[in-house]
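2 protein chains.
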Amino acid sequence: MAGQPPLSPWMGSDYYTPCWDSGVRDDAWLLASRMEKSEEPTPGVYWKPVPDSPIRMLDHWDNMDGTIERGYAGRSLFFEDGKFREDWQLLAQYADLLASIRINAVSLNNVNVRDKARWLITNKHGELDKVAKIAEIFAERGIATYLSVNFAAPKVIGGLDTSDPLDARVETFWRERVEEIYSKVEHFGGFVVKADAEGEPGPYQYGRTHADGANLFARLLAPHGGLVFWRAFVYNCEQDWRDRTTDRAKAAWENFKPLDGFFEPNVVLQVKNGPLDFQIKEPVSPLLLGLESTRTACEFQASQEYLGQQQHAVFLAPLWKEVLDSELCASALVCVANTGLDESWTGHKLAQANLYAFGRLAWDSSLTPQQIAREWVQLTFPDASDRAREAIERICAESRGAYRDYTTNLGLCFMCRPGFHYGVDPDGYEYDRWGTYHFADRDGIGVDRTVATGSGYTAQYPPALAALYEDVSTCPDDVVLYFHHLPYAHRLQSGKSIAQHVYDAHFSGAQKAEDFRRTWAEIAGELGSARVFDTLARFDEQLRSATEWRDVINTYFYRHSGIADEHGRVIYP
Amino acid sequence: MAGQPPLSPWMGSDYYTPCWDSGVRDDAWLLASRMEKSEEPTPGVYWKPVPDSPIRMLDHWDNMDGTIERGYAGRSLFFEDGKFREDWQLLAQYADLLASIRINAVSLNNVNVRDKARWLITNKHGELDKVAKIAEIFAERGIATYLSVNFAAPKVIGGLDTSDPLDARVETFWRERVEEIYSKVEHFGGFVVKADAEGEPGPYQYGRTHADGANLFARLLAPHGGLVFWRAFVYNCEQDWRDRTTDRAKAAWENFKPLDGFFEPNVVLQVKNGPLDFQIKEPVSPLLLGLESTRTACEFQASQEYLGQQQHAVFLAPLWKEVLDSELCASALVCVANTGLDESWTGHKLAQANLYAFGRLAWDSSLTPQQIAREWVQLTFPDASDRAREAIERICAESRGAYRDYTTNLGLCFMCRPGFHYGVDPDGYEYDRWGTYHFADRDGIGVDRTVATGSGYTAQYPPALAALYEDVSTCPDDVVLYFHHLPYAHRLQSGKSIAQHVYDAHFSGAQKAEDFRRTWAEIAGELGSARVFDTLARFDEQLRSATEWRDVINTYFYRHSGIADEHGRVIYP
């Protein structure tokens with residue numbers, strides 16, 4: 018691709034094909050085991066011999082028209098205008114990038130499989146020949162290639178009148194697809210499936226369970242060593258806001274916990290880290306703590322759908338680290354990619370750090386966000402002064418907290434603009450069908466998810482956590498409104514009232530955005546790249562947006578609570 | 018067009034070419050004067066000899082790709098896929114329809130003139146030949162044809178580096194356009210221009226006034242007897258919600274009142290009836306009461322953009338009648354069309370009544386909504402029983418009040434979904450850039466537009482009205498929150514509190530929607546057309562939507578005010 022910049026210092030010539038230790042390779046379902054071991058150290062980066070997560074997968078939500086769903090880094094690296102882009106050199110560069118952080122699996126296409134992408138599992142127009150070429154490029158770097166498939170393919174491309182997973186004709190359809198794929202694509206990893214979610218087809222349409230659905234694929238893929246990543250993002254997206262008996266946070270557990278033990282061993286249940294969605298702060302999904310007999314992947318999202326859409330600098334390692342520090346049952350880590358044709362791969366220069374962090378944490382979850390940021394800054398800006406590097410590390414360290422502070426605090430979620438998921442609209446989802454309410458009124462705000470008086474969601478957690486969350490006096494401040502509906506004057510564990518906490522956080526968070534912008538402007542001169550100045554424009558937008566969030570949320574709380582700021586700062590009436 | 022139904026009984030064979038009395042025809046700027054007089058009575062419909070409004074114009078917001086901006090009755094009658102549709106037979110039927118209600122001017126294309134529509138003023142691809150053909154069809158029925166033009170055409174299609182209305186090259190560009198148009202289009206009426214509005218180009222970009230802009234066109238059109246309809250819908254659509262000094266309701270007056278007397282006589286300043294936009298209940302635009310030396314058109318909108326989008330039955334004659342009963346200075350009436358390729362022309366069968374009502378009121382503003390509804394029902398359902406006809410008349414009579422009751426009362430506006438303008442989202446516009454706020458907090462709601470303590474908007478009205486609106490004790494209930502910010506417990510002139518009024522109106526309005534639906538189901542059998550049953554589905558949607566509005570708005574007021582319903586009805590907490 019013309020205009021593609023040289024690789025960042027932390028990969029390129031420094032990359033090497035990842036190694037997989039036999040300690041994990043004895044797991045026969047791991048395609049990665051087929052790859053050759055190689056070792057060559059990246060300067061300054063220590064890779065411990067055995068990765069914590071044997072599968073470290075990047076899911077692309079790329080459409081064949083070249084767009085990327087919730088993508089903020091330009092157009093697709095794989096597709097354009099209904100066809101494959103076929104820029105093999107660029108893909109080799111990209112594969113180098115991913116291999117340098119030891120990603121070992123990629124899914125190429127959007128989990129919402131529409132239009133021409135439904136035919137990717139065929140060779141109708143040579144699709145599989147192209148997939149094979151891509152898979153070869155990735156495999157040379159130790160990366161297995163997956164495809165997202167449409168559960169309804171037997172009907173929509175197979176000419177059948179059903180996609181019932183227990184129908185013999187449906188099984189035949191999929192067997193033929195799997196056989197053809199493996200006959201053409203040497204290093205194929207398997208399928209990713211989003212079923213019965215947000216309007217996508219699935220086994221529920223036929224009165225079947227998700228185990229019925231996933232196992233169909235798993236049995237067909239097993240002889241080839243393939244896996245099926247089955248997404249657990251299943252909830253009622255036609256909820257009535259008047260219905261207080263339904264709680265979206267409970268949905269993944271309700272749909273999948275009863276099936277624990279009924280999945281084939283090469284099914285990987287792919288669970289988003291947050292029970293609602295990829296919000297800035299949620300408690301970890303209880304399903305990730307409670308599945309005992311199912312292979313599970315924890316799904317992160319580097320693409321900052323709700324987190325500033327790569328206009329805002331938000332280093333996600335602290336968020337992911339919190340999740341990984343839980344007692345996860347996950348045996349794989351998946352991340353929604355934040356990459357695209359953009360010159361910096363990721364739109365915002367600092368968004369590269371999230372891709373890097375995912376690879377590092379998936380390999381070694383004992384790393385701290387600080388360590389990862391330091392590595393990335395060192396590798397990316399090797400010629401910058403200590404002062405500049407420390408400044409960037411500080412932005413990384415503080416950015417996730419700043420974003421939370423100037424957007425939604427205390428476990429509140431979904432105060433963003435519906436559909437866009439960027440910008441502030443505190444009541445935008447309040448009367449909508451998505452099950453993402455905060456129930457603010459003149460007296461209080463938050464969702465009562467307790468067993469005692471609320472939706473009973475806390476019961477999905479292991480006993481100690483359940484007790485912690487159930488009791489408002491022990492529930493951590495940063496998720497307290499996720500579990501409790503409380504008056505604005507309620508005293509948090511910090512000693513502040515809810516209203517005062519919100520005001521303080523928003524003034525402080527927006528101030529951070531201003532600090533980041535000024536800091537970047539000060540050091541940009543020594544970072545040695547024209548693109549660094551493009552990044553300054555993103556910090557401008559972050560500051561504008563953070564100020565907007567600050568003022569709207571503060572006004573929203575003031576209008577509802579009537580509580581004035583103790584420090585007399587400007588809150589618009 | 019295949020599938021186009023027979024004409025409704027109130028036109029078709031009963032139509033005749035409109036007559037224009039010499040009493041208005043001595044106005045040389047009226048193209049209609051060129052048409053021949055003809056008289057033939059429509060049975061049961063009395064047309065007084067002299068119309069109240071010499072120009073009775075329908076503005077189509079049709080795009081050349083075949084879509085219609087804010088259109089809810091199918092695709093464009095004029096355009097498809099970037100070209101003219103060229104269904105001359107259909108257009109002749111349509112012209113018959115409009116002539117039967119004595120419409121005497123149409124504008125063909127969207128006021129937002131984009132893409133290929135910018136070339137309509139040229140014959141580059143034979144555009145003007147096609148416009149001439151359409152104009153001929155309309156002219157045969159006494160209707161003049163207008164085009165919307167893009168103010169920036171000198172730059173975007175003329176190759177100039179400016180569109181400054183005082184630049185000689187710009188004048189030359191437009192002169193050539195006007196000359197070519199009149200050389201090709203025999204019955205051309207003139208231009209419609211939306212300038213400096215919602216991102217459209219305009220004279221402000223060059224430091225010129227709207228008189229400078231409008232007069233440029235007017236002087237070029239004058240020798241041909243043409244007019245320029247210059248829209249007064251100019252406001253700051255990038256407003257900061259934090260800025261309380263700007264009031265969108267004041268914008269039309271602020272932009273145009275100072276220019277009163279500076280427009281050429283063949284400029285018609287086209288002013289929306291509502292100061293904000295086409296809301297269900299606003300006070301009349303003060304500009305329509307205050308221009309003394311400018312020809313003015315009052316612009317209505319039959320296309321129910323904010324009023325149920327032709328899914329809801331809303332007979333607009335009562336709304337328009339309220340406006341016409343003011344001391345309007347308008348010398349023309351314009352209406353945004355609600356027509357399209359839809360089999361019933363208007364989507365909802367009852368939406369036809371709005372088109373009919375516009376024609377009738379434009380000719381004779383002394384008619385009552387009841388008279389108009391009776392005529393339309395009689396002409397449209399001649400074989401229905403008295404019971405059925407009375408039922409439809411009752412729906413017409415009650416529907417506007419019902420829509421207001423279940424959506425927004427007391428002069429509140431813009432509680433709809435941003436962008437779509439359908440469905441409820443009480444705070445959807447509250448922190449946005451459109452200047453349409455209601456400032457609800459835990460204590461009260463409404464916009465203080467008084468001189469004493471608010472934006473001073475009331476001062477734009479003639480003294481008696483200004484005094485009426487300024488004083489909360491005399492301000493009519495149905496616009497009281499348009500002019501005042503009041504506590505929820507404030508007693509209205511009706512004796513009810515604001516909160517109780519809102520609850521009562523919403524329960525009653527939604528009940529009406531249920532009544533309408535049941536009534537229509539009862540009489541549908543005798544209305545003699547399959548399409549009547551399609552209409553029943555629209556009443557289903559109206560009921561669903563009305564119920565949603567009722568519950569969301571009631572909950573919104575309850576959450577903010579804490580005031581319970583006196584009658585203990587269900588309000589979700």
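For the protein sequence lines, the chains are A and B, in the order given.
For any residue, its number in the numbering used here is found by taking its place in the first sequence, counting from 1, and adding 17.
For any residue, its number in the numbering used here is found by taking its place in the second sequence, counting from 1, and adding 17.
Idealized CB from N, CA, C, for every residue including glycine.
Practice item. Check the Cβ of residue 7 of chain B against every Cβ in chain A and list those closer than 7 angstroms, keeping chain order. Key: Residue 7 of chain B lies beyond the stretch modelled for chain B, which goes from 18 to 590, so this question has no answer here.
Review point. Mind checking if residue 342 of chain A is an interface residue toward chain B, Cβ cutoff 8 angstroms exclusive?
Key: Position 325 of the first sequence, counted from the start, is the residue given in the question as residue 342 of chain A. It does not: the Cβ of residue 342 of chain A has no partner Cβ on chain B nearer than 8 angstroms.
Practice item. Express the C-alpha separation of residue 246 of chain A and residue 226 of chain A in angstroms, rounding to a whole number. Key: Within the first sequence, numbered from 1, the residue matching residue 226 of chain A stands at position 209. Within the first sequence, numbered from 1, the residue matching residue 246 of chain A stands at position 229. Computed Cα separation, rounded: 16 angstroms.
Exercise for review: Please check the pair residue 288 of chain B and residue 272 of chain B, which I expect to be a contact at CB under 8 angstroms, by giving their CB distance rounded to whole angstroms.
Suggested key: The residue you call residue 288 of chain B lines up with position 271 of the second sequence. The residue you call residue 272 of chain B lines up with position 255 of the second sequence. Going by Cβ atoms, the distance from residue 288 of chain B to residue 272 of chain B rounds to 11 angstroms, so no, they are not a contact pair.
Check your understanding: How do the segment 384-391 of chain A and the segment 252-271 of chain A stand: do at least 3 beta-carbon pairs fall below 8 angstroms, yes or no?
Key -> no
Review point. Quick one: which chain A residues come within Cβ less than 9 angstroms of residue 455 of chain B?
Key: The residue you call residue 455 of chain B lines up with position 438 of the second sequence. Simply none; closest approach about 11 angstroms.
Check your understanding: Which residues in the same chain as residue 423 of chain A place their Cβ atom closer than 7 angstroms to its Cβ, once the five residues preceding and following it in sequence are excluded?
Key -> As a working note, residue 423 of chain A is residue 406 in the first sequence. These residues qualify, in order along the chain: 523, 526, 527, 530, 563, 566, 567.
Check your understanding: Taking Cβ positions, are residue 362 of chain B and residue 541 of chain B nearer each other than 8 angstroms?
Key -> As a first step, residue 362 of chain B is located in the second sequence; it is residue number 345 there, counting from the start. As a first step, residue 541 of chain B is located in the second sequence; it is residue number 524 there, counting from the start. No, the Cβ-Cβ distance between residue 362 of chain B and residue 541 of chain B is not below 8 angstroms.
Review point. If we cut at 8 angstroms on Cβ distances, does residue 514 of chain B have a partner in chain A?
Key: Here residue 514 of chain B refers to the residue found at position 497 when the second sequence is read from its first residue. No, residue 514 of chain B does not count as interfacial toward chain A.
Exercise for review: Alpha carbon to alpha carbon, how far is residue 171 of chain A from residue 180 of chain A? Give it in angstroms, no decimals.
Suggested key: Counting from 1 along the first sequence, the entry for residue 180 of chain A is found at position 163. Counting from 1 along the first sequence, the entry for residue 171 of chain A is found at position 154. Using only the alpha carbons, I get a separation of about 5 angstroms.
Review point. For the segment 519-530 of chain B, which residues have a beta carbon sitting closer than 7 angstroms to at least one beta carbon of chain A?
Key: none
Check your understanding: Which residue spans inside the segment 308-344 of chain A form an unbroken alpha helix (DSSP H) run of at least 4?
Key -> 334-341
Review point. Is there at least one Cβ from chain A nearer than 8 angstroms to residue 423 of chain B's Cβ?
Key: In the second sequence, counting from the first residue as 1, residue 423 of chain B sits at position 406. Chain A, which has no Cβ nearer than 8 angstroms to the Cβ of residue 423 of chain B, makes this no.
Check your understanding: Are the C-beta of residue 507 of chain B and some C-beta of chain A separated by less than 8 angstroms?
Key -> Working through the second sequence from its first residue, we reach residue 507 of chain B at position 490. Not one chain A Cβ lies under 8 angstroms of residue 507 of chain B.
Review point. For the alpha helix (DSSP H) that residue 121 of chain A lies in, which residues bound it at each end?
Key: Residue mapping note: residue 121 of chain A aligns to position 104 of the first sequence, counting from 1. First-last for residue 121 of chain A: undefined, no H or E at that position.
Practice item. Under 8 angstroms by Cβ, that's how I've got residue 368 of chain A and residue 355 of chain A pegged, so tell me the actual separation to the nearest angstrom. Key: Position 351 of the first sequence, counted from the start, is the residue given in the question as residue 368 of chain A. Position 338 of the first sequence, counted from the start, is the residue given in the question as residue 355 of chain A. About 5 angstroms; that satisfies the 8 angstroms criterion.
Review point. In the segment 399-428 of chain A, which residue ranges form an unbroken alpha helix (DSSP H) of at least 4 residues, counting only runs that do not cross its ends?
Key: 403-423
Review point. Nearest CA to the CA of residue 98 of chain A: which residue from A:79, A:106, A:115?
Key: In the first sequence, the residue the question calls residue 98 of chain A occupies position 81. Nearest option by C-alpha distance: A:79.
Practice item. Rounded to whole angstroms, what's the CA-CA distance from residue 280 of chain B to residue 314 of chain B? Just pull it up for me. Key: In the second sequence, residue 280 of chain B corresponds to position 263, counting from 1. In the second sequence, residue 314 of chain B corresponds to position 297, counting from 1. Their backbone Cα atoms lie some 14 angstroms apart in a straight line.
Practice item. Kindly indicate the opening and closing residues of the beta strand (DSSP E) around residue 163 of chain B. Key: Along the second sequence, read from residue 1 onward, the residue named residue 163 of chain B stands at position 146. Here the beta strand (DSSP E) through residue 163 of chain B covers 161-166.
Practice item. Take residue 143 of chain A and list the residues in its own chain whose beta-carbon comes closer than 7 angstroms to its own, dropping the five residues that flank it on each side. Key: Here residue 143 of chain A corresponds to residue number 126 of the first sequence, with the count starting at 1. Result list for residue 143 of chain A: empty, nothing under 7 angstroms.
Check your understanding: Which stretch, first to last residue, makes up the beta strand (DSSP E) that contains residue 362 of chain A?
Key -> Counted from its first residue, the first sequence places residue 362 of chain A at position 345. Unbroken run through residue 362 of chain A: none, as it is neither H nor E.
Practice item. Look at the alpha carbon of residue 64 of chain A and the alpha carbon of residue 469 of chain A, and state the distance between them as a whole number of angstroms. Key: Working through the first sequence from its first residue, we reach residue 64 of chain A at position 47. Working through the first sequence from its first residue, we reach residue 469 of chain A at position 452. Cα to Cα, residue 64 of chain A sits roughly 47 angstroms from residue 469 of chain A.
**Study point:** Reference residue 512 of chain A, options A:416, A:493, A:228, closest by Cα
**Key:** Taking the first sequence and counting its residues from 1, the one referred to as residue 512 of chain A is at position 495. Comparing Cα-Cα distances from residue 512 of chain A to each of A:416, A:493, A:228, the minimum goes to A:493.
Review point. For residue 435 of chain A versus residue 446 of chain A, is the C-beta spacing smaller than 8 angstroms?
Key: Start at 1 with the first residue of the first sequence, and residue 435 of chain A comes out as number 418. Start at 1 with the first residue of the first sequence, and residue 446 of chain A comes out as number 429. Yes, the Cβ-Cβ distance between residue 435 of chain A and residue 446 of chain A is below 8 angstroms.
Point to revise | Same chain, Cβ closer than 6 angstroms to residue 300 of chain A, five either side skipped, listed in chain order | key: On the first sequence, residue 300 of chain A is found 283 positions in, with the first residue counted as 1. Hits under 6 angstroms: 496.
Check your understanding: For residue 249 of chain A, which of A:140, A:294, A:475, A:490 has the nearest alpha-carbon?
Key -> For the purposes of this step, residue 249 of chain A is identified with residue 232 of the first sequence, where counting begins at 1. Closest option to residue 249 of chain A, Cα to Cα, is A:294.
Review point. Should residue 340 of chain B and residue 76 of chain B be called a contact, given that it needs their Cβ atoms to be closer than 8 angstroms?
Key: By 1-based counting over the second sequence, the position of residue 340 of chain B is 323. By 1-based counting over the second sequence, the position of residue 76 of chain B is 59. The answer is no: Cβ separation not under 8 angstroms.
Exercise for review: Kindly indicate which three-state DSSP category residue 514 of chain A falls into: helix, strand or coil?
Suggested key: Translated into the one-based positions of the first sequence, residue 514 of chain A becomes position 497. Correct three-state label for residue 514 of chain A: strand.
Check your understanding: chain B partners of residue 67 of chain A, CB-CB under 9 angstroms?
Key -> Here residue 67 of chain A refers to the residue found at position 50 of the first sequence. Residues of chain B passing the Cβ test: none, with the nearest at roughly 51 angstroms.
Practice item. Using the Cα positions of residue 433 of chain B and residue 336 of chain B, report the straight-line distance between them to the nearest angstrom. Key: Within the second sequence, numbered from 1, the residue matching residue 433 of chain B stands at position 416. Within the second sequence, numbered from 1, the residue matching residue 336 of chain B stands at position 319. Answer to the nearest angstrom: the Cα atoms are 19 angstroms apart.
Check your understanding: How about residue 464 of chain A: is its C-beta nearer than 8 angstroms to some C-beta of chain B?
Key -> The residue given as residue 464 of chain A occupies position 447 in the first sequence. So, not an interface residue.
Practice item. Could you round the C-beta distance between residue 420 of chain A and residue 258 of chain A to whole angstroms and report it? I think they count as a contact, below 8 angstroms. Key: If you number the first sequence from 1, residue 420 of chain A lands on position 403. If you number the first sequence from 1, residue 258 of chain A lands on position 241. Incorrect: roughly 27 angstroms between the Cβ atoms, too far for contact.
**Study point:** Cα-Cα separation, residue 261 of chain A to residue 410 of chain B
**Key:** Residue numbering aside, residue 261 of chain A sits at position 244 when the first sequence is read from its first letter. Residue numbering aside, residue 410 of chain B sits at position 393 when the second sequence is read from its first letter. When rounded, the distance between both Cα atoms is 41 angstroms.
Review point. If you count every other CB in all the chains shown that lies within 10 Å of the CB of residue 141 of chain B, and 16 or more means buried, which is it?
Key: Locating residue 141 of chain B in the second sequence gives position 124, where the first residue counts as 1. Classification for residue 141 of chain B: exposed.
Check your understanding: From the beta carbon of residue 264 of chain A, is the nearest beta carbon of chain B less than 8 angstroms away?
Key -> As a working mapping, residue 264 of chain A is identified with position 247 in the first sequence. Chain B, which has no Cβ nearer than 8 angstroms to the Cβ of residue 264 of chain A, makes this no.
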